[in-house]
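Top line first, the protein sequences correspond to chains A and B.
All residue numbers for the first sequence refer to the numbering used here, where the first residue is 6 and numbers rise by one.
All residue numbers for the second sequence refer to the numbering used here, where the first residue is 6 and numbers rise by one.
Protein chains: 2
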Amino acid sequence: MTDFAPSLEKLIDSFARLPSIGRKTAQRLAFYLIGAGDEETEKFISSIREARANLHRCSVCCNLTDDEVCPICSSPERDRSVICVVEDPRDVIAFEKTHEYDGLYHVLHGVISPMNDVDPEDICIKELLVRLNDENIKEVIMATNPTVEGEATSIYISKLIKPLGIKVSRLAYGVPVGADLEYADEFTLIRAIEGRKTI
Amino acid sequence: MTDFAPSLEKLIDSFARLPSIGRKTAQRLAFYLIGAGDEETEKFISSIREARANLHRCSVCCNLTDDEVCPICSSPERDRSVICVVEDPRDVIAFEKTHEYDGLYHVLHGVISPMNDVDPEDICIKELLVRLNDENIKEVIMATNPTVEGEATSIYISKLIKPLGIKVSRLAYGVPVGADLEYADEFTLIRAIEGRKTI
């Protein structure tokens, strides 16, 4: 059996190593880039190089930014009394899309996970505590993912913050808007009943 | 609304421009490469550069290869009297996986498609005709895709070959092995009945 040419095989392997890219998709991507123009290919490569060179963590909130301090932390229009703590820069984008929250963020870059050897000092908890000393913060909203590790991280951090006299809250649990109750899992339904509101 | 940092946004756009990569997958890939090691990133980039620099069409069959003549065309073990004509280098791999066909190939790199401005001279038909003069070919198997354009291309090429006194055949149409007849489309069933064999 003959395989692809060695350099093509290597390119396919490179793509297949990326997350969520299977062998078939890797083949399609490889063939696409081989057939693409020089300019397009160089643009693709330089976008990788530039992102890696320019991106770093905001010195305040640890979100990824090209600047020293990210646009949210340096905006005069944000409510500087609230910090929403999230796991990942993508979560910041998710909240920003709501156009409702106008406070600050703090990106942990992970969750505490003994199974994966991630200790509290491996994520940006220290940087959050520094902010609570420096700034005029009234409330911290824990918005880690509703998973076992996300919740454990949330509880761990809230225990560190409470002695500082700052209010700590967490996202409400309940049924997602537009969902079909028939397909909701039991844990979500239990939380939804526990958190029920008078109408 | 705040977006991702500009250089991150640019990297996500680069990935999202690739075929079959949606915005969410592009985000995942971008975050992965930002977090990856320098060595892994450089390896990824050099695999793109190398593939583009080394790969070209085999001077005989037009398949993609790193060599002047591809391993199949230069193999002494292949049957040099049959050429299987396919649209794409991936089709060669598909046939090779069967371990049954031991003839030669010819890769057209596309199909005739007036809708997409692809004329007969835009695909490797000329190179195929040259081979038929030079070599001791007894049969050409048309193995373009069973689509309207694939069939039209197949008929166009067979009309060019027949005057040369070379046998031209095409792949059998029928129900795929292991398929459920209930879900077979009517055209496939018609072809399967037409091509029925005595058992």
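Backbone N, C-alpha and C fix where the C-beta goes; we use that ideal spot for every residue, glycine too.
All values reported here derive from a predicted model rather than from experimental measurement.
Which of helix, strand or coil DSSP assigns to residue i
| i | result |
| --- | --- |
| T103/B | coil |
| T203/A | coil |
| C63/B | coil |
| Y37/B | helix |
| V97/B | helix |
| I53/A | helix |
| C89/A | strand |
| M6/A | Because the pLDDT of M6/A is 45, which lies under 50, any placement of that residue in the model is unreliable, and the question is left without a value. |
| S118/A | strand |
| L69/B | strand |
| L109/B | strand |
| P81/B | coil |
| R22/B | coil |
Beta-carbon neighbours of residue i, restricted to chain A and to distances below 7 Å
| i | result |
| --- | --- |
| I50/B | I50 and I53 |
| L23/B | L34 and Y37 |
Proximity test, Cβ basis, 8 Å: residue i and chain A
| i | result |
| --- | --- |
| F9/B | yes |
| P181/B | no |
| S19/B | yes |
Contact list for residue i against chain B, beta-carbon separation under 7 Å
| i | result |
| --- | --- |
| L16/A | S52, I53 and A56 |
| T203/A | Per Cβ cutoff of 7 Å: no residues; T203/A is ~33 Å from chain B at best. |
Proximity test, Cβ basis, 8 Å: residue i and chain B
| i | result |
| --- | --- |
| R175/A | no |
| I39/A | yes |
| D71/A | yes |
| Y188/A | no |
Contacts of residue i in chain A (Cβ-Cβ under 8 Å)
| i | result |
| --- | --- |
| R62/B | None at all; the shortest Cβ gap to chain A is about 11 Å. |
| R95/B | Q32 and F36 |
Through-space distance from residue j to residue i, alpha-carbon basis
| i | j | result |
| --- | --- | --- |
| T149/B | Q32/B | 36 Å |
| Y188/B | D72/B | 44 Å |
| T103/B | P11/B | 48 Å |
| G27/A | G170/A | 50 Å |
| T203/B | A177/B | 15 Å |
| L157/A | T46/B | Sequence inspection shows Ala at residue 157/A; the Leu mentioned does not correspond to that position. If I take the Cα positions, the gap works out to 33 Å. |
| A21/A | C66/B | 27 Å |
| E191/B | A184/B | 14 Å |
| I117/B | D93/B | 13 Å |
| L69/A | I198/A | 37 Å |
| C129/B | I195/B | 32 Å |
| S52/B | A99/B | 23 Å |
| S163/B | K15/A | 36 Å |
| V91/A | L38/A | 36 Å |
| P76/A | M120/A | 35 Å |
| V135/A | A35/B | 29 Å |
| V112/A | S64/B | 55 Å |
| C89/A | R62/B | 55 Å |
| A41/B | F49/B | 11 Å |
| H114/A | L13/A | 35 Å |
| G200/A | D124/A | 31 Å |
| S79/B | V153/B | 33 Å |
| K168/A | D96/A | Looking at the sequence itself, residue 168/A is Pro, so the reference to Lys does not match. Taking the straight line joining both Cα atoms gives about 27 Å. |
| L60/B | D43/A | 14 Å |
| R54/A | E101/A | 27 Å |
| S19/B | K143/A | 40 Å |
| L23/A | T30/B | 10 Å |
| D8/B | R85/A | 19 Å |
| G155/A | R83/A | 26 Å |
| A58/A | P81/A | 28 Å |
| K172/B | S25/A | 45 Å |
| L137/A | K131/A | 10 Å |
| M6/A | I166/B | Any reading at M6/A needs caution, since the residue's pLDDT is 45, under 50, leaving its predicted position unreliable; the model's value is listed next. The straight-line gap from Cα to Cα measures roughly 29 Å. |
| D107/A | L186/A | 31 Å |
| L133/B | Y110/B | 10 Å |
Under 9 Å by beta carbon: chain A residues contacting residue i
| i | result |
| --- | --- |
| N59/B | A10, P11, S12 and L13 |
| S118/B | What S118/B touches in chain A: nothing, since even the nearest Cβ is about 16 Å away. |
| T46/B | I53, R54 and R57 |
Contact list for residue i against chain B, beta-carbon separation under 8 Å
| i | result |
| --- | --- |
| T158/A | Within 8 Å Cβ-Cβ: nothing; T158/A doesn't reach chain B, min ~19 Å. |
Of all the alpha helix (DSSP H) runs that stay within the bounds of the region 122-149 of chain B, which reach a length of 4 or more residues? 130-139
Minimum length 3: unbroken beta strand (DSSP E) runs contained in the region 149-198 of chain A: 172-175
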